[in-house]
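In the working numbering, the protein residues as written are 1 to 647.
1. Out of curiosity, what's the CA-to-CA distance linking residue 97 and residue 123?
2. Considering residue 264, what are the terminal residues of the beta strand (DSSP E) in which it resides?
3. Leaving out the 5 sequence neighbours to the left and right, which residues in its chain are closer than 6 Å to residue 541 when beta-carbon positions are compared?
4. From residue 22 to residue 174, what does the alpha carbon distance come to, in whole angstroms?
5. Report yes or no: do three or more beta-carbon pairs, one from the region 57-73 and one from the region 86-100, lie closer than 8 Å?
6. Which residue spans inside the region 268-339 form an unbroken beta strand (DSSP E) run of at least 3?
7. Have a look at residue 209 and residue 321 and give me their C-alpha separation to the nearest angstrom.
8. Could you give the C-beta distance for residue 196 and residue 46, rounded to a whole number, given that I count them as a contact under 8 Å?
9. Closest to residue 578 by C-alpha separation, out of 603, 548 and 558, would be which residue?
10. Please report the residue range of the alpha helix (DSSP H) in which residue 48 lies.
11. Exposed or buried, what is residue 38 when buried is set at 16 or more other beta-carbons lying within 10 Å of its beta-carbon?
12. Suppose you measure from the CA of residue 503 to the CA of residue 510; what does that come to, to the nearest Å?
13. Indicate the three-state DSSP secondary structure (helix, strand or coil) for residue 155 in the structure shown.
14. Tell me whether residue 352 is buried or exposed, calling it buried when 16 or more other Cβ atoms sit within 10 Å of its Cβ.
15. Considering only the beta carbon of each residue, do residue 343 and residue 377 sit closer than 9 Å?
16. Run the CB neighbour count on residue 399, radius 10 Å, all protein chains shown included, and call it buried at 16 or more, exposed below.
17. Under a Cβ-count criterion, where at least 16 other Cβ atoms within 10 Å of its own Cβ denotes burial, should residue 686 be classed as buried or exposed?
18. Take residue 283 as the anchor and find which of 346, 202, 242 and 244 has the nearest alpha-carbon.
19. May I have the straight-line CA-CA distance separating residue 35 from residue 146, to the nearest angstrom?
20. Count the other CB atoms, across all protein chains shown, that sit within 10 Å of the CB of residue 647; report buried if there are 16 or more and exposed otherwise.
21. For residue 43 and residue 31, which I take to be in contact (beta-carbon distance under 8 Å), what is that distance rounded to the nearest angstrom?
22. Skipping 5 residues on each side, what residues in its chain have a beta carbon closer than 6 Å to that of residue 240?
23. On the DSSP letters alone, give me the boundaries of the beta strand (DSSP E) that residue 149 sits inside.
24. Measure the C-alpha to C-alpha separation of residue 374 and residue 407 and round it to an integer number of angstroms.
25. Under the rule that 16 or more other beta-carbon atoms within 10 Å means buried, what is residue 315, buried or exposed?
26. Quick one: using the 10 Å Cβ neighbour count with 16 as the cut-off for buried, is residue 570 buried or exposed?
27. For residue 22, name the three-state secondary structure that DSSP assigns.
28. Grab me the residues of residue 452's own chain with a C-beta within less than 7 Å of its C-beta, minus the 5 sequence neighbours each way, in chain order.
29. Thinking just about the alpha-carbon of each residue, which of 193, 508 and 483 is nearest to the one in residue 495?
30. So, at 7 Å on beta carbons, what are the nonlocal neighbours of residue 169 in its own chain, with the 5 sequence-adjacent residues on each side left out?
31. Short of 8 Å in beta carbon distance, which residues of its chain neighbour residue 630, apart from the five on each side in sequence? Order them along the chain.
32. Residue 150: which of 172, 125, 229 and 492 sits nearest, CA to CA?
33. May I have the straight-line CA-CA distance separating residue 506 from residue 513, to the nearest angstrom?
34. Going by the CB atoms, is the gap between residue 465 and residue 550 shorter than 9 Å?
35. Once DSSP output is grouped into helix, strand and coil, what is the label at residue 430?
36. Mapping DSSP to helix, strand and coil, what is residue 487?
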């Protein structure tokens, strides 16, 4: 090939390089073309990594059969092989574009053993090796390694330099294009993955650019969005339109604006959005851009927090904070006469102790419901504390306040929680003139309520005790029968001991109530027919204390409460709950213990089954002086059981 033909061929190849544009560079073709230009026997094209510390053989050209043989000799494929850049070699070729090596060994003995290099030279029949750098602005991009046929010298330096310069420009351009493409891909990914609507509006409020989230949130297609203008989202919603326009005005005036508005979706539903906007000047045109995020969940949480800050979590009524703020607001001449009604739920502690706090909570909710039904729309009802409620009645005199209280009381008579009737003690006072202090009105209402409670409370607690017994007996007929039998046995003991009629009736009453604390024990444990576990025994052992707490709240049952607390104590001090010993145990409690144990043994109220009267008596005798008062055991056997036998 003459010089003119070589130049024409170079021009053709150069044009092909320029036309590659953003396509993937065909490294094999480049290597093939270069081989033809340079007249080498073999050519390898190596591309450097961007950090310049290593390079990869992207293509190799020549006799493929021989090249495969070389790969077998060295033990790996040369194409796509990554090589560490030799810094000594780098220094050697630093000042030149083209470097000549007398042999393959001179170039490669640092990475391929010398014997193998000699074998490769022989297999390929090669002599000198030419290394031609590909660089751009002193940045190493790659190189060509030319293997010349043995005895042939390389003489195409000018052609090689021209070609590698053009190739350097192509690689640089391609890397820049790749970087731009990567940046665009990354920017688009971020643009479309942001959890909000990104938008760009022109100076006529027309939507000109948006992300995918816009379509997801609004339900509009890309084509539909291209026809949308700013206020299309807020048709018929003047408040939202105003908020958005004010936000844009702030952006125009100060560079940034924001707003909260209700955006209308394609299906007609609305979503609360928070918008930001900033102004842009692009090529002489005015735009504003921003992002809108869905704040429905945030608004919901804010509303929940606001609600909880002013409402009682259990009943949904207003809380003390709201009551105090509202009372200050209403303490004006316009609200006179202003009445404050205080209400206290009777028996809440009793119900909590007997049925548990779940039942107590149900009672409080029912009270709130009854109060709401009995009050007027503008009346303010609040729960101040555990069992205390307050009602503010603006423009309400004493007569009208009594009507409100009567309505609530009448409604409560028809309501029950479980077997417990609702009972609320009320007290009120009215502010009739501006000079009266609202604090005094509240105190008077509270005092009046406590006076009413002193009168109504004991009666209510007595009714509650009866209701508790009824509930226990309804749930467990075995307990009901057991309680009545123990009651009769206790009264019989009183007769046998020569006690007074009143004392005998007291014994009968205590016998009936002795297991009232079992109302607070899991029904499954009470009804269990097999032996109890250690944990279940611990639970059962709580019933004397529960019964004590219940009865202690009723003024005329204080003594009974103590008797019931100690009815499982033992004569030897090994009982529960206090471990009392001997005559330290109340006399009545000792009687209950014997009657209770005897009935448990003979009625079959345990997993062992019923014992005969004879065996039960033997058990009592065995435990006299250990579990039971020995004197009372003898009286019980001789006079109570003996009398029953005679009957």
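For each residue, glycine too, the CB sits at the ideal point set by N, CA and C.
Checking against the coordinates, here is how it stands:
1. The count along the chain shown starts at 1 and reaches residue 97 at position 97. The count along the chain shown starts at 1 and reaches residue 123 at position 123. For residue 97 and residue 123, the distance between alpha carbons rounds to 28 Å.
2. What you label residue 264 is simply residue 264 of the chain shown in a count that begins at 1. That run of the beta strand (DSSP E) goes 256-264.
3. If you number the chain shown from 1, residue 541 lands on position 541. 576, listed in sequence order.
4. Indexing the chain shown from 1 puts residue 22 at position 22. Indexing the chain shown from 1 puts residue 174 at position 174. With a pLDDT of only 43 at residue 22, under the threshold of 50, the placement of this residue in the model should not be trusted, and no figure is reported.
5. The region 57-73 is not in contact with the region 86-100.
6. 270-282 and 285-294
7. The residue labelled residue 209 in the question sits at position 209 within the chain shown. The residue labelled residue 321 in the question sits at position 321 within the chain shown. For residue 209 and residue 321, the distance between alpha carbons rounds to 49 Å.
8. Indexing the chain shown from 1 puts residue 196 at position 196. Indexing the chain shown from 1 puts residue 46 at position 46. The distance from the Cβ of residue 196 to that of residue 46 is about 47 Å, inconsistent with a contact at the 8 Å cut-off.
9. In the chain shown, the residue the question calls residue 578 occupies position 578. Measuring from the Cα of residue 578, the nearest candidate turns out to be 548.
10. Residue 48 sits at position 48 when you count from the first residue of the chain shown. Residue 48: not part of any alpha helix (DSSP H); member of the beta strand (DSSP E) spanning 42-48, first to last residue.
11. For the purposes of this step, residue 38 is taken as the residue at position 38 of the chain shown. Classification of residue 38: buried, given that the 10 Å Cβ count is 16 or more.
12. Sequence index remark: in the chain shown, residue 503 carries index 503 (1-based). Sequence index remark: in the chain shown, residue 510 carries index 510 (1-based). Distance between the alpha carbons of residue 503 and residue 510 is about 10 Å.
13. As a working note, residue 155 is residue 155 in the chain shown. Of the three classes helix, strand and coil, the one that applies to residue 155 here is coil, per DSSP.
14. If you number the chain shown from 1, residue 352 lands on position 352. Residue 352 should be labelled buried.
15. Residue 343 sits at position 343 when you count from the first residue of the chain shown. Residue 377 sits at position 377 when you count from the first residue of the chain shown. Using a Cβ distance threshold of 9 Å, residue 343 and residue 377 do not count as a contacting pair.
16. The residue given as residue 399 occupies position 399 in the chain shown. Result: exposed.
17. With the chain covering only 1 through 647, there is no way to say anything about residue 686.
18. If you number the chain shown from 1, residue 283 lands on position 283. When only C-alpha atoms are compared, the closest one is 202.
19. For this step, residue 35 is matched to residue 35 along the chain shown. For this step, residue 146 is matched to residue 146 along the chain shown. Cα to Cα, the separation comes out at about 8 Å.
20. Taking the chain shown and counting its residues from 1, the one referred to as residue 647 is at position 647. The pLDDT assigned to residue 647 is 43, lower than 50, so where the model puts this residue is not dependable; a value taken from the coordinates is nonetheless given after this. Counting the other Cβ atoms within 10 Å of the Cβ of residue 647 gives fewer than 16, which makes it exposed.
21. Numbered from its first residue, the chain shown carries residue 43 at position 43. Numbered from its first residue, the chain shown carries residue 31 at position 31. Confirmed, about 5 Å.
22. One-based indexing of the chain shown puts residue 240 at position 240. So the list reads 234, 261 and 262, once near-sequence residues are dropped.
23. Position 149 of the chain shown, counted from the start, is the residue given in the question as residue 149. Residue 149 -> beta strand (DSSP E) spans 139-149.
24. Counting from 1 along the chain shown, the entry for residue 374 is found at position 374. Counting from 1 along the chain shown, the entry for residue 407 is found at position 407. Those two C-alpha atoms are separated by around 5 Å.
25. The residue given as residue 315 occupies position 315 in the chain shown. Residue 315 is buried by the Cβ-count criterion.
26. Here residue 570 refers to the residue found at position 570 of the chain shown. Residue 570 is buried by the Cβ-count criterion.
27. The residue given as residue 22 occupies position 22 in the chain shown. Below a pLDDT of 50, predicted positions are generally treated as unreliable, and residue 22, at 43, falls in that range; no measurement from the model is reported.
28. The sequence position of residue 452 within the chain shown is 452, counting from 1. Closer than 7 Å at the Cβ level, and outside the excluded window around residue 452, lie 425, 426 and 427.
29. Your numbering for residue 495 matches position 495 in the chain shown. Nearest of 193, 508 and 483 to residue 495, Cα basis: 508.
30. Translated into positions along the chain shown, residue 169 becomes position 169. Taken in chain order, the residues that qualify are 136.
31. The residue given as residue 630 occupies position 630 in the chain shown. Around residue 630: 571 and 624.
32. On the chain shown, residue 150 is found 150 positions in, with the first residue counted as 1. Considering only alpha carbons, the answer is 125.
33. For the purposes of this step, residue 506 is taken as the residue at position 506 of the chain shown. For the purposes of this step, residue 513 is taken as the residue at position 513 of the chain shown. Rounded to the nearest angstrom, the two C-alpha atoms are 11 Å apart.
34. Along the chain shown, read from residue 1 onward, the residue named residue 550 stands at position 550. Along the chain shown, read from residue 1 onward, the residue named residue 465 stands at position 465. In contact: residue 550 and residue 465 (Cβ atoms closer than 9 Å).
35. Residue mapping note: residue 430 aligns to position 430 of the chain shown, counting from 1. Residue 430 falls in the strand class under three-state DSSP.
36. Taking the chain shown and counting its residues from 1, one reaches residue 487 at position 487. If DSSP states are grouped into helix, strand and coil, residue 487 belongs with the helices.
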